[in-house]
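**Q**
Residue numbers (this note's numbering): 29 to 461.
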């Protein structure tokens with residue numbers, strides 16, 4: 029009984045720490061344009077700042093994966109709490125590009141440390157039901173995005189009163205909301221005792237764990253993780269930027285996507301048990317590609333249908349990728365789980381930087397010949413230059429999504445092959461038995 033209570037408390041605290049991670053994505057996505065206006069940032073600079081979280085994340089998750097068995101999960105989560113606290117406070121008092129860069133890096137390191145610790149923690153707590161519980165754990169990522177985007181939307185509606193641009197202190201209040209769950213999860217983890225990881229408990233040596241990382245199937249899953257992470261996280265993080273000129277409530281598109289993700293992960297158990305992780309991933313790739321296609325081609329309120337389809341597509345990507353490795357390659361241990369997450373975030377960081385510059389170039393293409401993008405970015409609202417910039421961005425956004433659509437189409441092929449491979453492997457195992 030005591031063990032069950034301890035397990036449940038650890039799981040709740042883990043979910044709260046992931047909530048902070050996701051709030052950082054949801055709230056930042058909601059204030060990205062405000063920061064651009066406040067500090068006169070172009071899309072390339074915005075892309076670099078947003079990507080910084082994705083640099084810190086893989087750095088922390090990969091390093092954390094290698095040391096979690098050495099220093100223990102509790103100490104790593106103390107570090108996560110400290111970095112979250114510092115990053116949030118620095119974001120509130122940011123005064124330009126470099127302070128935003130540094131604060132985002134700190135939050136990224138904290139986010140990666142949470143992921144590095146809590147994925148193996150959940151797998152260790154629920155050894156007989158890993159993929160389902162990882163889906164339940166990871167539902168707090170889109171849940172935090174829903175909460176974060178609604179916080180931004182709600183406070184904007186209540187406090188800005190139609191003022192354009194809105195006062196930046198409102199954005200600071202919105203960022204400060206993240207302090208509440210940060211302090212709660214820091215307190216909870218400080219009071220709880222942690223188990224050893226599943227790999228240690230099962231007696232798999234460190235040497236055997238490293239050997240398992242060279243399994244070709246693991247390498248294949250790493251490559252697929254690049255695609256699933258970019259499809260989900262790049263599109264979500266840039267939703268407000270890409271659709272700001274398409275609808276007045278662009279951030280609500282992200283809210284729709286994240287809400288569908290929450291529901292999908294909450295009711296993942298029968299789907300995962302029926303189709304297995306690889307089957308779910310195959311269907312997810314199809315829906316993701318269809319969702320992006322609809323986001324490009326639908327207009328007005330109909331665009332929210334595309335958001336729902338896209339949300340269904342990306343709902344299971346991250347937890348089922350982690351769950352597949354936990355179930356089928358358990359000897360890779362915490363390092364294997366964390367290399368998966370780190371690879372995904374690293375891919376997103378590179379893609380964001382590339383697409384930030386590409387978005388600027390596309391925007392310039394739709395501006396008058398010889399235009400200086402910096403001058404247009406500084407133009408006051410309502411001026412002809414500002415109106416021309418908004419029109420150029422509305423044309424450039426779909427081009428960015430067109431380029432991204434290629435990725436889930438490739439994943440359809442990859443996961444289709446994975447389904448066939450796992451089916452043949454199962455038949456071979458049954459025949460041998």
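Glycine included, C-beta positions come from ideal geometry on N, C-alpha and C.
1. Span of the alpha helix (DSSP H) holding residue 373?
2. Assign residue 320 to one of two classes, buried (16 or more other C-beta atoms within 10 Å of its C-beta) or exposed (fewer than that).
3. Helix, strand or coil for residue 221, going by three-state DSSP, please let me know.
4. Determine the burial state of residue 163: buried for a count of at least 16 other Cβ atoms within 10 Å of its Cβ, exposed for fewer.
5. Inspect the CB distances between the stretch 200-210 and the stretch 40-57 and report whether three or more fall short of 8 angstroms.
6. Going by alpha carbons, who is nearest to residue 151 out of 142, 143 and 161?
7. Could I get the ranges of all uninterrupted alpha helix (DSSP H) runs contained in the stretch 273-309, with 4 residues as the minimum, in chain order?
8. According to the neighbour-count rule (16 or more other Cβ atoms, all chains shown, within 10 Å of its Cβ), is residue 244 buried or exposed?
9. If I'm right that residue 373 touches residue 286 with Cβ under 8 angstroms, what's the distance once you round it to whole angstroms?
10. What is the rounded straight-line gap between the Cα of residue 428 and the Cα of residue 386?
11. For residue 447 and residue 345, what's the separation of their Cα atoms in angstroms?
12. Is the CB-CB distance between residue 70 and residue 388 below 8 angstroms?
13. Can you tell me whether DSSP reads residue 427 as helix, strand or coil?
14. Any idea what DSSP makes of residue 313, helix, strand or coil?
15. Residue 81 and residue 135: beta carbons closer than 8 angstroms?
16. Does DSSP put residue 206 in a helix, in a strand, or in coil?
17. How is residue 155 classed by DSSP in three states: helix, strand or coil?
18. Could you please give the first and the last residue of the uninterrupted alpha helix (DSSP H) stretch that includes residue 398?
19. Can you tell me whether residue 49 is helix, strand or coil according to DSSP?
20. Using a Cβ-Cβ cutoff of less than 8 angstroms, which residues in the same chain neighbour residue 153 once the five nearest sequence positions on both sides are dropped?
21. So, is residue 52 buried or exposed, given that buried needs 16 or more other C-beta atoms within 10 angstroms?
22. Note the first and the last residue of the continuous alpha helix (DSSP H) segment covering residue 236.
23. Alpha carbon to alpha carbon, how far is residue 148 from residue 417?
24. With H, G and I counted as helix, E and B as strand and the rest as coil, what does DSSP make of residue 195?
25. Determine whether the beta carbon atoms of residue 334 and residue 326 lie at a separation below 8 angstroms.
26. Is residue 140 closer than 8 angstroms to residue 310 when the C-beta atoms are compared?
27. Sorted by chain position, which residues of the same chain lie with C-beta nearer than 6 angstroms to residue 108's C-beta, five sequence neighbours on each side aside?
28. Rounded to whole angstroms, what's the CA-CA distance from residue 206 to residue 451? Just pull it up for me.
**A** With the structure as the only source:
1. 361-393
2. buried
3. coil
4. buried
5. yes
6. 161
7. 278-294
8. exposed
9. Not a contact, Cβ separation roughly 18 angstroms.
10. 8 angstroms
11. 15 angstroms
12. yes
13. helix
14. helix
15. yes
16. coil
17. coil
18. Residue 398 -> no alpha helix (DSSP H), and no H or E assigned at all.
19. helix
20. 35, 38, 39, 161 and 223
21. buried
22. 234-240
23. 46 angstroms
24. coil
25. yes
26. no
27. 138, 141 and 142
28. 44 angstroms
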